[in-house]
Amino acid sequence: MKHTISLIVRNQFGVLARIAGLFSGRGYNINSLCVAETQDPDCSAMTIVTSGDDKIIEQISKQLNKLIDVLKVVDFREKEYVERELALLKVNTTSQTRAEIMQIANIFRAKVVDINPKSLTIEATGSETKILAMIEMLKSFGIKELARSGRVAMARN
């Protein structure tokens, strides 16, 4: 079962390596990881998606709380939260398929951010399920390149 954990960490050299080491050293997998500075340049927000049962997630949270540079750990198992992912897809296109690809992008409320004679680059944001559904719809046209941000999350209250 996938779980989302949010961290506030000191913006220090080696913090990411220590957190990744904690996961790998205990045999836990990171499904996605997103890190960026917060409004305070001394801190970064980290969103980690990992898999495991409640006991494993509880152990991960305890271990993260022990790290010196981790200021806050929020496990979204019991909280309401908003989550989003960003994907950029470069899709093969011809003059015959361009309109259909743009229509699919429109249905998913995605934006065409670049266009050239042989491809369209589409930006999509939303839940992992939405991103996966759009990727599936565009596969038949040929996806030349795909970049995904991983999940970012924030508590609702």
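All residue numbers for the sequence shown refer to numbering that gives the first Met the number 0, where the first residue is 0 and numbers rise by one.
Glycine included, C-beta positions come from ideal geometry on N, C-alpha and C.
C-beta atoms of LEU6 and VAL72 nearer than 7 angstroms: Translated into the one-based positions of the sequence shown, residue 6 becomes position 7. Translated into the one-based positions of the sequence shown, residue 72 becomes position 73. Result yes, Cβ atoms of LEU6 and VAL72 sit closer than 7 angstroms.
Cβ-Cβ distance between ILE121 and ALA109 below 7 angstroms: Taking the sequence shown and counting its residues from 1, the one referred to as residue 121 is at position 122. Taking the sequence shown and counting its residues from 1, the one referred to as residue 109 is at position 110. Yes, they are a contact pair.
Contact belief for VAL90 with GLY141 at Cβ below 8 angstroms, rounded distance in angstroms: Here residue 90 corresponds to residue number 91 of the sequence shown, with the count starting at 1. Here residue 141 corresponds to residue number 142 of the sequence shown, with the count starting at 1. With a contact defined as Cβ atoms closer than 8 angstroms, VAL90 and GLY141 qualify at about 7 angstroms.
SER139, DSSP secondary structure in three states: Taking the first residue of the sequence shown as position 1, residue 139 is located at position 140. In this structure, SER139 counts as helix in the three-state DSSP scheme.
Closest by C-alpha distance to HIS2, when choosing among THR46, ARG17 and ALA35: The residue labelled residue 2 in the question sits at position 3 within the sequence shown. Nearest option by C-alpha distance: THR46.
GLY26 versus LEU32 - alpha carbon distance: By 1-based counting over the sequence shown, the position of residue 26 is 27. By 1-based counting over the sequence shown, the position of residue 32 is 33. About 16 angstroms.
Assumed close pair ASP52, MET101 - CB separation to whole angstroms, cut-off 8 angstroms: Walking along the sequence shown from the start, residue 52 turns up at place 53. Walking along the sequence shown from the start, residue 101 turns up at place 102. Contact doesn't hold; Cβ gap of about 43 angstroms is too wide.
Residue burial classification, LYS99 (beta-carbon count within 10 angstroms, cutoff 16): If you number the sequence shown from 1, residue 99 lands on position 100. Per the sequence shown, residue 99 should be read as Glu rather than Lys. By the neighbour-count rule (16 or more Cβ atoms within 10 Å), GLU99 is not buried but exposed.
Whole-angstrom distance between GLU135 and THR92, CA atom to CA atom: Counted from its first residue, the sequence shown places residue 92 at position 93. Counted from its first residue, the sequence shown places residue 135 at position 136. Whole-angstrom Cα-Cα distance: 16 angstroms.
Extent of the continuous alpha helix (DSSP H) to which ASP39 belongs: The count along the sequence shown starts at 1 and reaches residue 39 at position 40. From DSSP, ASP39 is part of no alpha helix (DSSP H); its letter is neither H nor E.
MET45 (DSSP reduced to helix, strand or coil): Walking along the sequence shown from the start, residue 45 turns up at place 46. Strand, per DSSP.
Exposure label - SER43; buried when at least 16 CB within 10 Å: Sequence index remark: in the sequence shown, residue 43 carries index 44 (1-based). Looking at its Cβ environment, which holds 16 or more other Cβ atoms inside 10 Å, SER43 is buried.
LYS78 to ALA146 span [Cα, whole Å]: Numbered from 1 along the sequence shown, position 79 holds the residue referred to as residue 78. Numbered from 1 along the sequence shown, position 147 holds the residue referred to as residue 146. Each residue's Cα considered, the two are about 29 angstroms apart.
Beta carbon of LEU85 nearer than 7 angstroms to that of SER148: Position 86 of the sequence shown, counting from 1, holds the residue named residue 85. Position 149 of the sequence shown, counting from 1, holds the residue named residue 148. Between LEU85 and SER148, the C-beta gap is smaller than 7 angstroms, which places the two residues in contact.
Residue environment, VAL112, which counts as buried when at least 16 other CB atoms sit within 10 Å: The residue labelled residue 112 in the question sits at position 113 within the sequence shown. Exposed, because fewer than 16 other Cβ atoms sit within 10 Å of the Cβ of VAL112.
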